[in-house]
Amino acid sequence: MIEEGKKIILFDGVCNLCNSAINFIIQRDKKSIFRYASLQSEMGRKLITERKIDTSKLDSILLIDPKVAYYYKSTAALQIAKQLSGLYPLLSVFLIFPTFFRDWIYNIIAKNRYKWFGKKESCMIPTPELKSLFIDQ
Numbered sequence: 001m002i003e004e005g006k007k008i009i010l011f012d013g014v015c016n017l018c019n020s021a022i023n024f025i026i027q028r029d030k031k032s033i034f035r036y037a038s039l040q041s042e043m044g045r046k047l048i049t050e051r052k053i054d055t056s057k058l059d060s061i062l063l064i065d066p067k068v069a070y071y072y073k074s075t076a077a078l079q080i081a082k083q084l085s086g087l088y089p090l091l092s093v094f095l096i097f098p099t100f101f102r103d104w105i106y107n108i109i110a111k112n113r114y115k116w117f118g119k120k121e122s123c124m125i126p127t128p129e130l131k132s133l134f135i136d137q
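If you're matching positions, the sequence shown starts at 1 in the numbering used here and goes up one per residue.
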């Protein structure tokens, strides 16, 4: 079940970098804006299908804002940063750069994420205290 007013982050559940990023976001999401699901989960696939999202544009992160639309790649990362506590919202200044440039950098990291950070055999299982934040459980 998706709570009203929450934004959904779909992520690569077997990617160590992506799992670390989700833990990082959870720690800094002081307003509890985000809910999470892996791209590989039934809920992740359902959300992608319902919105007719071109999966060729996806590789590690997708932000679904039910009131707006969805964001992927560098735009998703920067839109997420805008909502975090601390100085992270300042990163949104990079939205002034053209998407093709931001995504070029993003794609380099995404393409090499398994080689640089490793990969799990299965999707992460949230701890009991975090389980309510994951919509694919």
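For each residue, glycine too, the CB sits at the ideal point set by N, CA and C. Fair warning: this is a prediction, and the values are worked out from it, not measured in the lab.
Do you know offhand how far residue i's Cα is from residue j's?
{"i": "Gln40", "j": "Phe97", "result": "31 Å"}
{"i": "Ile61", "j": "Lys31", "result": "21 Å"}
{"i": "Leu78", "j": "Phe24", "result": "14 Å"}
{"i": "Phe94", "j": "Thr75", "result": "9 Å"}
{"i": "Thr49", "j": "Pro89", "result": "30 Å"}
{"i": "Asp136", "j": "Ser85", "result": "25 Å"}
{"i": "Gln134", "j": "Ala37", "result": "The question names Gln, yet the displayed sequence has Phe at residue 134. Computed Cα separation, rounded: 6 Å."}
{"i": "Asp54", "j": "Thr127", "result": "31 Å"}
{"i": "Ile64", "j": "Phe117", "result": "25 Å"}
{"i": "Pro66", "j": "Ile8", "result": "8 Å"}
I'd like the span of the beta strand (DSSP E) that includes residue i, first residue to last.
{"i": "Lys7", "result": "Lys7 to Phe11"}
{"i": "Ile70", "result": "Reading off the sequence shown, one finds Tyr at residue 70, where the question assumed Ile. It spans Ala69 to Tyr72 - the beta strand (DSSP E) in which Tyr70 sits, taken as one unbroken run."}
Can you pull the DSSP bridge partners for residue i?
{"i": "Arg35", "result": "Ile8"}
{"i": "Phe134", "result": "Tyr36"}
Would the beta-carbon of residue i fall within 9 Å of that of residue j?
{"i": "Lys6", "j": "Arg51", "result": "no"}
{"i": "Leu17", "j": "Ile109", "result": "yes"}
{"i": "Val14", "j": "Lys119", "result": "yes"}
{"i": "Asp59", "j": "Lys46", "result": "no"}
{"i": "Asp138", "j": "Arg113", "result": "Limits of the chain in this structure are 1 at one end and 137 at the other, which puts residue 138 out of reach."}
{"i": "Ile26", "j": "Leu130", "result": "yes"}
What are the boundary residues of the alpha helix (DSSP H) that includes residue i?
{"i": "Ile64", "result": "Ile64 -> not in any alpha helix (DSSP H); beta strand (DSSP E) instead, spanning Ile61 to Asp65."}
{"i": "Thr99", "result": "Thr99 to Phe117"}
{"i": "Ser20", "result": "Asn16 to Arg28"}
{"i": "Lys46", "result": "Glu42 to Glu50"}
So is residue i in contact with chain C if we call contact Cβ pairs under 9 Å?
{"i": "Phe34", "result": "No chain C appears in the structure shown, which is made up of a single protein chain."}
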